[in-house]
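Colleague: For the sequence shown, our numbering gives the first residue as -18, with consecutive numbering after it.
Structure in structure tokens, see below.
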Amino acid sequence: MSTAIRASSILPGRREDIELHTADGLRLVGELALPADRPPVATLVCLHPLPTHGGMMDSHVFRKAAWRLPALADLAVLRFNTRGTSSVRGTSEGAFDGAVGERYDVAAAIEYAEFAELPNIWLVGWSFGTDLALKYGCDPAIAGAILLSPPLRFSAPEDLATWANSGRPLVALVPEFDDYLRPTEARERFAAVPQAEVVGVPGAKHLWVGDAETVLDEIVRRVNPAVEVPLRTTWDGPMEAGDVSAYADRTVAAFADTPVPGPAATKAD
């Protein structure tokens, strides 16, 4: 009998706690989720929103990706907390470094995915994580990047130029009512990358509350096009329920209208 997939639904998969080790000597905590009984077709390395304002590896879109996509789309999902970031999984060593020291965090995640021989590695950045992807993610091991709510705050024109020269796919999912960068301006800014695809999402906002399923569909459409989208919303087999109560206050309230460290920052990211 089919059961509806809800925010707390955990579909079958192999999930293990992992540690990443950075070149500057830090230990970062994370998780790798894999399909239950077959190898993954592709891999998502998730770069979370701003940790000083609630962003973490368990931010809701990434949590849902890890709980659903191994079963629904044959994807591996690697999530981790950047330096100084905490979640239920634990706290990564170090301290938030304003998108500077985080270069080593991105490199450590890519290195882990390579060492684990994970296939077809895509970066998926969200907000602050999109800047990390743009600044440090154009690596030979990376197939492409998907950017969720990119503010283009910490990244610079030369970062876009690097992606342009690489020819690697770059997809920006931009909410219609984003707080920082909306679709029209995003198309102008990303015009510097000829292969960039900017997808405006009607009705959506920066945090993707109520629109996580749309995001997951768009990710799967690019990373594993053999899977039909929209993804199914029911499940016929075993399913567990996760505790999402620990994150409720960090999904919305933590992204309050308060100053944020970084260039020209006036709001939380």
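For every residue, glycine included, the Cβ atom is placed at its ideal position computed from N, Cα and C.
Taking all protein chains shown into account, decide if Glu139 is buried (16 or more other Cβ within 10 angstroms of its Cβ) or exposed.
Modeller: That one is exposed.
Colleague: What is the DSSP secondary structure of Val105, reduced to helix, strand or coil?
Modeller: Three-state result, Val105: strand.
Colleague: Let me know if Gly312 comes out buried or exposed under the rule of 16 or more other beta-carbons within 10 Å of its beta-carbon.
Modeller: The question about residue 312 has no answer here: the residues shown for the chain are numbered -18 through 250.
Colleague: Measure the C-alpha to C-alpha separation of Glu209 and Leu50 and round it to an integer number of angstroms.
Modeller: Straight-line Cα distance between these residues: approximately 13 Å.
Colleague: Select from Ala88, His41, Leu28 and Gly79 the residue whose C-alpha is nearest the C-alpha of Glu4.
Modeller: This sequence places Ala at residue 4; Glu is not what is there. Comparing Cα-Cα distances from Ala4 to each of Ala88, His41, Leu28 and Gly79, the minimum goes to Ala88.
Colleague: State the CB to CB distance for the pair Val174 and Leu151, rounded to an integer number of angstroms; the pair is presumed to be in contact (CB under 8 Å).
Modeller: Yes, Val174 and Leu151 are in contact; Cβ-Cβ is about 6 Å, under 8 Å.
Colleague: Quick check: the segment 118 to 136 against the segment 50 to 61, are there 3 or more CB pairs under 8 Å?
Modeller: Short answer: they don't touch.
Colleague: Closer than 8 Å is the cut-off here; do at least three beta carbon pairs connect the segment 163 to 177 with the segment 195 to 210?
Modeller: Too few Cβ pairs lie closer than 8 Å, so no.
Colleague: Can you tell which of Ala207, Leu129 and Met220 has the C-alpha that lies nearest to the C-alpha of Leu182?
Modeller: A quick correction: the sequence has Val, not Leu, at residue 182. Comparing Cα positions, the closest option is Leu129.
Colleague: What does the Cβ neighbour count give for Glu12, buried or exposed, with the cut at 16 atoms within 10 Å?
Modeller: Glu12 is buried by the Cβ-count criterion.
Colleague: Report all residues from its chain with a CB closer than 7 Å to the CB of Thr214; omit the five preceding and five following residues, and keep chain order.
Modeller: These residues qualify, in order along the chain: Ala(-15) and Ile(-14).
Colleague: Count the other CB atoms, across all protein chains shown, that sit within 10 Å of the CB of Asp18; report buried if there are 16 or more and exposed otherwise.
Modeller: Its Cβ having fewer than 16 others within 10 Å, Asp18 is exposed.
Colleague: I'd like to know whether the C-beta atoms of Ala114 and Ala97 end up nearer to each other than 9 Å.
Modeller: No. Outside cutoff.
Colleague: Below 6 Å CB to CB, which residues in the same chain sit around Glu74 once its five sequence neighbours on both sides are set aside?
Modeller: Closer than 6 Å at the Cβ level, and outside the excluded window around Glu74, lie Leu7 and Arg8.
Colleague: Return the CA-CA distance between Arg84 and Pro20, expressed in angstroms with no decimal places.
Modeller: Looking at the two C-alpha atoms, the distance is approximately 29 Å.
Colleague: Of all the options Val10, Ser108 and Ala122, which has the alpha carbon lying nearest to the alpha carbon of Tyr161?
Modeller: The shortest Cα separation from Tyr161 among Val10, Ser108 and Ala122 belongs to Ser108.
Colleague: Who does His2 pair with in a DSSP beta bridge?
Modeller: Note: His2 sits in a beta bridge opposite Arg8.
Colleague: In angstroms, rounded to a whole number, what distance separates the CA positions of Gly36 and Leu212?
Modeller: If I take the Cα positions, the gap works out to 26 Å.
Colleague: Between Ala153, Ala52, Val190 and Ser(-11), which has its C-alpha nearest Asp217's C-alpha?
Modeller: Comparing Cα-Cα distances from Asp217 to each of Ala153, Ala52, Val190 and Ser(-11), the minimum goes to Ala52.
Colleague: As a quick exercise: from Ala14, Arg(-4), Leu25 and Gly65, pick the residue whose alpha carbon is nearest that of Ile91.
Modeller: When only C-alpha atoms are compared, the closest one is Leu25.
Colleague: Can you give me the C-alpha to C-alpha distance between Glu221 and Ala54, rounded to a whole angstrom?
Modeller: Rounded to the nearest angstrom, the two C-alpha atoms are 18 Å apart.
Colleague: In the DSSP assignment, find the alpha helix (DSSP H) that holds Glu92 and state where it starts and stops.
Modeller: Taken as a continuous stretch (DSSP letters only), the alpha helix (DSSP H) holding Glu92 covers Glu83 to Phe96.
Colleague: In whole angstroms, what separates the C-alpha of Ala193 from that of Arg203?
Modeller: Taking the straight line joining both Cα atoms gives about 16 Å.
Colleague: Is Asn205 buried or exposed, if buried means 16 or more other CB atoms sit within 10 Å of its CB?
Modeller: Looking at its Cβ environment, which holds 16 or more other Cβ atoms inside 10 Å, Asn205 is buried.
Colleague: Considering just the uninterrupted stretch of the beta strand (DSSP E) at Ile200, what are its terminal residues?
Modeller: Unbroken run through Ile200 is the alpha helix (DSSP H), Ala193 to Val204; no beta strand (DSSP E).
Colleague: Count the other CB atoms within 10 Å of the CB of Gly(-6); is the residue buried (16 or more) or exposed (fewer)?
Modeller: The residue in question, Gly(-6), is buried, as its Cβ has 16 or more Cβ neighbours within 10 Å.
Colleague: Figure out for me which residue from Ala94, Ser40 and Leu104 has the closest Cα to the Cα of Glu0.
Modeller: Answer by Cα proximity: Ala94.
Colleague: Compute the distance between the beta-carbons of Met38 and Arg70, then report whether it is under 9 Å.
Modeller: Going by C-beta atoms, Met38 is nearer than 9 Å to Arg70.
Colleague: In or out: Thr247 buried (at least 16 other Cβ within 10 Å) or exposed?
Modeller: For Thr247, the pLDDT reaches just 33, beneath the cut-off of 50, and the residue's location in the model is therefore unreliable, although a value from the coordinates is still provided. Thr247 comes out exposed.
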